[in-house]
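S.K.:
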Amino acid sequence: MRVSRLSLVTLRNVPADAEIPSHQLLVRGGYIRRVGPGLYAYLPLMWRVLSKINTIVRDELDSLGALETLLPQLQPAEPWERSGRWQGYTAGEGIMFHLEDRQGRQVGLGPTHEEIVTVLAGDLLRSYKQLPVTLYQIQTKFRDEIRPRFGLMRSREFIMKDAYSFHADEKDLEKTYALMAGAYARIFKRCGLNAVAVDADSGAIGGAASQEFMVMANAGEDLILSTPDGSYAANQEKAVSLPSVAETLPPGEERNLDTPGQATIEDLCAANGLSPSQTVKVLVLLARLDDGRKQPLLVSLRGDQELNDVKLTNAVTQRMGSPALEIAPINPEQLRQQGLSPLPFGSIGPDLEDCSLQDVRSWEKRFVRLADPTALNLDRFVCGANSADQHRWGATWSSMPAQIEADLRNAKAGDRSLHNQEQILEERRGIEVGHIFQLGSKYSDALEARFTDKDGKQASLLMGCYGIGISRLAQAAVEQHHDEAGICWPVNIAPFQVIVVIANVQDSTQLDLGESLYGSLQSAGVDALLDDRSERAGVKFKDADLIGIPWRIVVGREAEAGRVEVVERSSRSNSTMSHQDALNSVLVAVQGGT
RNA sequence: CGGGGCGUGGCGCAGUUUGGUAGCGCGGGUGCUUUGGGAGCACUAGGUCGCAGGUUCGAAUCCUGUCGCCCCGACCA
4 MRVSRLSLVT
14 LRNVPADAEI
24 PSHQLLVRGG
34 YIRRVGPGLY
44 AYLPLMWRVL
54 SKINTIVRDE
64 LDSLGALETL
74 LPQLQPAEPW
84 ERSGRWQGYT
94 AGEGIMFHLE
104 DRQGRQVGLG
114 PTHEEIVTVL
124 AGDLLRSYKQ
134 LPVTLYQIQT
144 KFRDEIRPRF
154 GLMRSREFIM
164 KDAYSFHADE
174 KDLEKTYALM
184 AGAYARIFKR
194 CGLNAVAVDA
204 DSGAIGGAAS
214 QEFMVMANAG
224 EDLILSTPDG
234 SYAANQEKAV
244 SLPSVAETLP
254 PGEERNLDTP
264 GQATIEDLCA
274 ANGLSPSQTV
284 KVLVLLARLD
294 DGRKQPLLVS
304 LRGDQELNDV
314 KLTNAVTQRM
324 GSPALEIAPI
334 NPEQLRQQGL
344 SPLPFGSIGP
354 DLEDCSLQDV
364 RSWEKRFVRL
374 ADPTALNLDR
384 FVCGANSADQ
394 HRWGATWSSM
404 PAQIEADLRN
414 AKAGDRSLHN
424 QEQILEERRG
434 IEVGHIFQLG
444 SKYSDALEAR
454 FTDKDGKQAS
464 LLMGCYGIGI
474 SRLAQAAVEQ
484 HHDEAGICWP
494 VNIAPFQVIV
504 VIANVQDSTQ
514 LDLGESLYGS
524 LQSAGVDALL
534 DDRSERAGVK
544 FKDADLIGIP
554 WRIVVGREAE
564 AGRVEVVERS
574 SRSNSTMSHQ
584 DALNSVLVAV
594 QGGT
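With our numbering applied, the first sequence covers 4 to 597.
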């Protein structure tokens, strides 16, 4: 390709709406353009990058025997209703774009394809003899994000590879899951990314085992906790750790404490010479459940611990038999609307009585009481006395109502690893580029996707599902590979592997040599770009750096002598040599990396 | 949804406080000079100042409404 024909528009100014380097560079380099909030056009250079990533992905998945398909983006509501996800995905903060067609049918734009593929699999896969099967597609997904940001990192329309596997038994599912994990590791490596697999929550997709593949970068939206020896890594949503040892309360009788204005753990401890680990804090929350119930919760944590929303949501979902769609603190306004008296927030104890809910209008009439082990393991503690400006010193669980024990706290940097107490957890930010799940029969049960097993009996298909954010991956690669001057693409996903820059196209010797090198590269099967523009050399160098082509051959001053300069973008190393040597060394470098 | 900010040529911005009929840098076009790290000079094209009302002799500027976009938050008392 000739740069003169590429419609290349690079920007010197940093676009005002781009925050992180990768987003700025992709816009400045002429890779993407914003069309609306969270909506981007992939310009010709970007499309080449995405195609290269897709080629690698296809190669690895095909080698596992997976089958490429293409499924509808416009999806009827019905299978989503049967899987129980229509409500959660469309109501309130739901993430699915949905609409009514001219016949009044409800349809959604696919944020993911479990429902569709499960229905299909149920139709197609009738016997264990057909299993296992893995189907995949590379396609645009739609998600009505609360707040799109960072360019392609969190956009409302993005390209995703999603794969779904179907099995007759657990063992077979686990086998494919493991194979897929291996393929993912190879895919990210071939894309030039430093990605790590971490334990993850399976979230709205549901299911058992689940791992995320994270590209470590400061711009990442996820917090990853890991041990220095690499033996443990997990998303904070899921991470576990050994809590620090609580300080014990000195001996003494249980008594009341006057705690005027001490509404936070911090204030309480400062005013009374306590350590946060000697206290129990109680959060008053309301869970909105999928079946319509509004369930008040009392959640007890040791004072020095933070609540983990994801763990809480999972615990509530499990106990209530209906998915928790949203859990939020109860505020005084809500109490008023329910016709309840105000609660002494800041002085709540685990034994706040259910009678304070007696007159509720639309909520459940009893609290569900959950407590984290860090709180339950305290023999004696300080907690709220359920009356304003009053706490209790030396309280014990024996005088409290029964609690549901559940891990509800955030693991954090500095905690000891549960798996090896010698190891202290560290935290880093990560960009989630892939996620694999063992779904089991969650969807096949709901959608009645069954097959006939060896014994002639009907059984639900066991499923795995596996995603890679293709467009996000491309941007993550830029986030991981750039410098002040621009992008430094890993050669395997670069839009072009080599750029031949003719320093001065007015000089016919330079022009001829440049053209000839370009032709030789093309005949050798290299993706080459020829900068044949009648710009000054400096402009062409700046653009080449910005768009990040891994290898540059400069045909300039010494063209007369048949000598050219070879520059490696990432290291900036350069050397001058004969054009034959240049061709050979670039061929070796480029093809060695493929 | 809550809080903050911003809408002025393709991009980045000034001008708004103190109304007087639109400007700077980059980019585009033409010509001459220049030619290895985003050149210089000259000429030139391009904006109903987000939109709709209002005040005024006169509105980018003041008032009202409205739409859009960006950032932060939605962390726990």
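Built from N, CA and C at the ideal position, the CB exists for glycine as well.
Near serine 365, what residues of its chain come up, given a Cβ to Cβ distance below 8 Å and the 5 sequence neighbours on each side ignored?
M.R.: Lys297 and Gln341
S.K.: Does the distance from the C-beta atom of arginine 412 to that of threonine 377 stay below 9 Å?
M.R.: For arginine 412 and threonine 377, yes; Cβs fall inside 9 Å.
S.K.: When you compare each of Pro151, Tyr167 and Leu102 to threonine 115 by their alpha carbons, which one comes out closest?
M.R.: Tyr167
S.K.: My parser needs the beta strand (DSSP E) runs of 3 or more residues fully inside the region 323–377; what are they?
M.R.: Runs found: 327–332 and 371–374.
S.K.: Pairing CB atoms from the region 396–406 with CB atoms from the region 162–180, are three or more of them under 8 Å?
M.R.: no
S.K.: At the level of alpha carbons, what is the spacing between serine 213 and glycine 467?
M.R.: 10 Å
S.K.: Decide yes or no for the touch test of the region 560–569 against the region 78–89: beta carbon pairs closer than 8 Å, at least 3 of them.
M.R.: no
S.K.: Kindly identify the DSSP beta-bridge partner or partners of glutamine 525.
M.R.: BP columns for glutamine 525 are empty, so no partner.
S.K.: Drop a sphere of 10 angstroms on the beta-carbon of isoleucine 162, count the other beta-carbons inside from all chains shown, and report buried for 16 or more, exposed for fewer.
M.R.: With 16 or more other Cβ atoms within 10 Å, it is buried.
S.K.: CA-CA distance, aspartate 172 and serine 444?
M.R.: 10 Å
S.K.: Should aspartate 448 be counted as a contact of the ligand NAP given a C-beta to heavy atom distance under 8 Å?
M.R.: Although the ligand NAP was asked about, the structure shown includes no ligands whatsoever.
S.K.: Using the C-alpha atoms, what's the distance from tryptophan 492 back to threonine 597?
M.R.: For threonine 597, the predicted structure reports a pLDDT of 46, less than 50, and the residue's modelled location is therefore unreliable. The matter cannot be settled from this model.
S.K.: Taking the alpha helix (DSSP H) that aspartate 261 falls in, what are its first and last residues?
M.R.: Segment 258–261 is the beta strand (DSSP E) holding aspartate 261; no alpha helix (DSSP H) there.
S.K.: Where does threonine 597 fall in DSSP's three states?
M.R.: Interpretation of threonine 597 is limited by its pLDDT of 46, a score under 50 that renders its predicted location unreliable; the figure taken from the coordinates is listed afterwards. In this structure, threonine 597 counts as coil in the three-state DSSP scheme.
S.K.: I think glutamate 548 touches glycine 489, with their Cβ atoms under 8 Å apart; what is that distance to the nearest whole Å?
M.R.: The sequence given here places aspartate at residue 548; glutamate does not occur at that position. The beta-carbon distance between aspartate 548 and glycine 489, rounded to whole angstroms, is 5 Å. This is short enough to meet the 8 Å contact definition.
S.K.: Which residues share a DSSP beta bridge with serine 213?
M.R.: Phe440
S.K.: Give a yes or no on whether the C-beta atoms belonging to threonine 316 and isoleucine 333 are separated by under 9 Å.
M.R.: no
S.K.: Looking at the secondary structure, which residues open and close the alpha helix (DSSP H) in which leucine 128 lies?
M.R.: Unbroken run through leucine 128: none, as it is neither H nor E.
S.K.: With distances taken Cα to Cα, identify the nearest neighbour of glutamine 483 among Pro18, Arg15 and Pro24.
M.R.: Pro24
S.K.: Would DSSP call tryptophan 396 helix, strand or coil?
M.R.: Per DSSP, reduced to three states, the secondary structure at tryptophan 396 is strand.
S.K.: According to DSSP, histidine 485 sits in a beta bridge with which residue or residues?
M.R.: Ile490
S.K.: Would you please state the rounded distance, in angstroms, between the beta carbons of leucine 355 and leucine 301? I believe it to be under 8 Å.
M.R.: That pair is a contact at about 6 Å.
S.K.: Bridge partners for glutamate 71 per DSSP, in chain order?
M.R.: Tyr139
S.K.: For isoleucine 471, which residues of its own chain have a beta-carbon under 6 Å away from its beta-carbon, when the five flanking residues on both sides are left out?
M.R.: Hits under 6 Å: Lys164 and Gly437.
S.K.: With a threshold of 16 other CB atoms inside 10 Å of the CB of asparagine 507, please say whether the residue is buried or exposed.
M.R.: buried
S.K.: Tell me the DSSP secondary structure of arginine 157 in three-state form.
M.R.: strand
S.K.: Could you please give the first and the last residue of the uninterrupted alpha helix (DSSP H) stretch that includes phenylalanine 544?
M.R.: Going by DSSP, phenylalanine 544 is part of the alpha helix (DSSP H) stretching over 540–550.
S.K.: Enumerate in chain order the residues of its own chain whose CB-to-CB distance from valine 243 is below 8 Å, with the five nearest sequence positions on each side excluded.
M.R.: Excluding residues within five positions, the ones whose Cβ falls inside 8 Å are Ala237, Asp410, Ala414 and Leu421.
S.K.: Would you grab the beta carbon distance between alanine 585 and valine 570 for me? Rounded to a whole angstrom, and I think it's under 8 Å.
M.R.: 10 Å between Cβ atoms; not a contact.
S.K.: For glycine 107 and glutamate 81, I'd like the C-alpha separation in whole angstroms.
M.R.: Cα to Cα, the separation comes out at about 13 Å.
S.K.: Counting only the same chain and skipping the five closest in sequence on each side, list residues whose C-beta sits under 8 Å from that of aspartate 175.
M.R.: Answer for aspartate 175: Leu134, Pro135 and Leu465, listed in chain order.
S.K.: Using a Cβ distance threshold of 8 Å, determine whether the region 278–289 contacts the region 244–252, with at least three qualifying pairs required.
M.R.: yes
S.K.: What three-state label does DSSP hand lysine 178 in the structure shown?
M.R.: Helix at lysine 178.
S.K.: Within 10 angstroms of the Cβ of cysteine 272, are there 16 or more other Cβ atoms? Answer buried if so, exposed if not.
M.R.: buried
S.K.: Quick test of your reading: leucine 155 and glutamine 478, contact by CB under 8 Å. State the CB separation rounded to the nearest angstrom.
M.R.: 4 Å
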